[in-house]
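Asks:
Number of protein chains: 2
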Amino acid sequence: MSSINPTHATDATACPLCTDTGGHEVYSTPLWRVVRVEDSAFPAFYRLIWQSHVAEFSDLSAADRQACMEAVTGIERALRTALQATKINLATLGNVVPHLHWHVVARFDWDSHFPNPIWGTPLRSLAVPAVQLLALDLAELDERVRQALAELSA
Amino acid sequence: MSSINPTHATDATACPLCTDTGGHEVYSTPLWRVVRVEDSAFPAFYRLIWQSHVAEFSDLSAADRQACMEAVTGIERALRTALQATKINLATLGNVVPHLHWHVVARFDWDSHFPNPIWGTPLRSLAVPAVQLLALDLAELDERVRQALAELSA
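Residue numbers (the numbering used here), protein chains in the order written: chain A, 36 to 189; chain B, 36 to 189.
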């Protein structure tokens, strides 16, 4: 695929996802790690970060794409089971940090932006921190995600 | 997985992606169809729509998840090969229409929102319509996407 445009930032030495964990680490394998993103508006927000520095999903081999999405699915299922989420949002953008990472976010009809994307316009203010409205505390939620990912790897 | 929260809208009769094509159809299989979204700011914007009414990616079987993402990858590769895109963005949100669909959007460092998400704040105005800045016209781009998807299904 020599005609594919290379990413605009292939310099791993300047990549924050190559030099830093990128969040509160929940689980890690040689291929990918999962962190919880610390976002007060969206507390049930996890990110799967591919360990090696590739920009696009299609840069992965077919086997790696499958492994990647089965892990994303594991996070999604853990969030669905643990929380009464209205919807799960999945995205890989990478416009700012072109190192493959997947956002997995549990959305609620009461959250500040719903049904807008988390990157869109907020629609309401909450009377209490969003984390207080989750069915589980974050340590327990992390544990559920960790267990789901460990089962996948088993 | 009986403890998984069902989607908030399982009524397919009220679902616009069950009753309408959802865009300019480019390719279709029994499992999914691909349409080009008519968005003047983001002309190289395709959407893979799952044919049956499921809300979440994890509602699919493992085989269907793989078929889904291989098709998404086919669109991504066609866009990368045809256009000098800065980045490809993939997302499945479904907060408004909870019928599984994947957004596949070619992003350019000159586009109105880059590097913000397409749902975020615009950062600049263009002097000409964005479609005029693509390396191919849309009919030819559609054909490249169609060919990539036909090869997958062959």
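Ideal placement from N, C-alpha and C gives every residue a C-beta, glycine not left out.
What residues in its chain sit with their C-beta under 8 angstroms from that of E111/B, if we drop five residues either side in the sequence?
Replies: On the second sequence, position 76 is the one that residue 111/B refers to. Result list for E111/B: I123, L125, V139, in chain order.
Asks: Measuring alpha carbon to alpha carbon, tell me which residue in T127/B, F149/B, L135/B is nearest V132/A.
Replies: Counting from 1 along the first sequence, the entry for residue 132/A is found at position 97. For V132/A, the closest alpha carbon among the candidates T127/B, F149/B, L135/B is that of F149/B.
Asks: Quick check on L173/A: does DSSP put it in helix, strand or coil?
Replies: The residue you call residue 173/A lines up with position 138 of the first sequence. Three-state DSSP puts L173/A in a helix.
Asks: Candidates D94/A, W137/A, A102/A, A120/A: which alpha carbon is nearest L52/A's?
Replies: Locating residue 52/A in the first sequence gives position 17, where the first residue counts as 1. Ranking the options by Cα distance to L52/A, first place goes to W137/A.
Asks: Determine the burial state of M36/B: buried for a count of at least 16 other Cβ atoms within 10 Å of its Cβ, exposed for fewer.
Replies: Your numbering for residue 36/B matches position 1 in the second sequence. Only weak support exists for where M36/B lies, its pLDDT of 36 falling under 50; the value from the coordinates is given anyway. With fewer than 16 Cβ atoms within 10 Å of its Cβ, M36/B is classed as exposed.
Asks: Helix, strand or coil for T116/A? Go by DSSP, reduced to three states.
Replies: As a position in the first sequence, residue 116/A is number 81, starting the count at 1. In this structure, T116/A counts as helix in the three-state DSSP scheme.
Asks: With C-beta atoms as the reference, is V180/A less than 8 angstroms away from L173/A?
Replies: Residue numbering aside, residue 180/A sits at position 145 when the first sequence is read from its first letter. Residue numbering aside, residue 173/A sits at position 138 when the first sequence is read from its first letter. No, Cβ-Cβ distance for V180/A and L173/A is not below 8 angstroms.
Asks: Taking C-alpha atoms, which residue in A98/A, L114/A, A49/A, S63/A lies nearest to E175/A?
Replies: Walking along the first sequence from the start, residue 175/A turns up at place 140. Answer by Cα proximity: L114/A.
Asks: May I have a chain-ordered list of the beta strand (DSSP E) segments no shorter than 3 residues that lie completely inside the segment 44-113 of chain A?
Replies: 59-63, 67-71, 80-85
Asks: What residues from chain B crowd round A126/A, counting only those whose CB sits closer than 9 angstroms?
Replies: Taking the first residue of the first sequence as 1, we reach residue 126/A at position 91. Neighbours of A126/A on chain B, chain order: N124, L125, A126, T127, L128, H138, P152.
Asks: At the level of alpha carbons, what is the spacing between R68/A and A162/A?
Replies: As a working mapping, residue 68/A is identified with position 33 in the first sequence. As a working mapping, residue 162/A is identified with position 127 in the first sequence. Near 34 angstroms, if we compare the C-alpha coordinates of A162/A and R68/A.
Asks: For L118/B versus A170/B, is the C-beta spacing smaller than 8 angstroms?
Replies: Your numbering for residue 118/B matches position 83 in the second sequence. Your numbering for residue 170/B matches position 135 in the second sequence. Yes, the Cβ-Cβ distance between L118/B and A170/B is below 8 angstroms.
Asks: Given N40/A, which residues of its chain have a CB within under 7 angstroms of its CB, disregarding the five upstream and five downstream residues?
Replies: Along the first sequence, one-based indexing puts residue 40/A at 5. Below a pLDDT of 50, predicted positions are generally treated as unreliable, and N40/A, at 47, falls in that range; no measurement from the model is reported.
Asks: So V72/A packs on R82/A, CB below 8 angstroms; how close in whole Å?
Replies: For the purposes of this step, residue 72/A is taken as residue 37 along the first sequence, with counting starting at 1. For the purposes of this step, residue 82/A is taken as residue 47 along the first sequence, with counting starting at 1. Confirmed, about 5 angstroms.
Asks: Would you tell me roughly how many angstroms separate the C-alpha atoms of A183/A and L168/B, rounded to the nearest one?
Replies: In the first sequence, counting from the first residue as 1, residue 183/A sits at position 148. In the second sequence, counting from the first residue as 1, residue 168/B sits at position 133. Those two C-alpha atoms are separated by around 45 angstroms.
Asks: With a threshold of 7 angstroms on Cβ separation, who are the neighbours of V107/B within its own chain once the five nearest residues in sequence on each side are excluded?
Replies: On the second sequence, residue 107/B is found 72 positions in, with the first residue counted as 1. Cβ neighbours of V107/B beyond the five flanking positions: L83, L125, W137, V139.
Asks: Given a cut-off of 8 angstroms, decide if F92/B and T121/B are closer than it, judged by their beta-carbon atoms.
Replies: Position 86 of the second sequence, counted from the start, is the residue given in the question as residue 121/B. Position 57 of the second sequence, counted from the start, is the residue given in the question as residue 92/B. At a Cβ-Cβ threshold of 8 angstroms, T121/B and F92/B do not count as neighbours.
Asks: Note down, in chain order, each residue of its chain lying with its Cβ closer than 6 angstroms to the Cβ of F77/A, except the 5 sequence neighbours on either side.
Replies: The sequence position of residue 77/A within the first sequence is 42, counting from 1. So the list reads V140, I153, once near-sequence residues are dropped.
Asks: So, with DSSP's three-state summary, where would you put A185/A?
Replies: Here the question's residue 185/A lines up with position 150 in the first sequence. Helix at A185/A.
Asks: Would you mind listing the beta strand (DSSP E) stretches within the segment 126-176 of chain A that are 3+ residues and don't spill past its ends, in chain order?
Replies: 136-142
Asks: Going by alpha carbons, who is nearest to M104/A out of T127/A, V70/A, S75/A?
Replies: Against the first sequence, residue 104/A aligns to sequence position 69. Ranked by Cα distance from M104/A, the first of T127/A, V70/A, S75/A is T127/A.
Asks: Are S75/A and P157/A close, meaning C-beta to C-beta below 8 angstroms?
Replies: Start at 1 with the first residue of the first sequence, and residue 75/A comes out as number 40. Start at 1 with the first residue of the first sequence, and residue 157/A comes out as number 122. The beta carbons of S75/A and P157/A sit no closer together than 8 angstroms.
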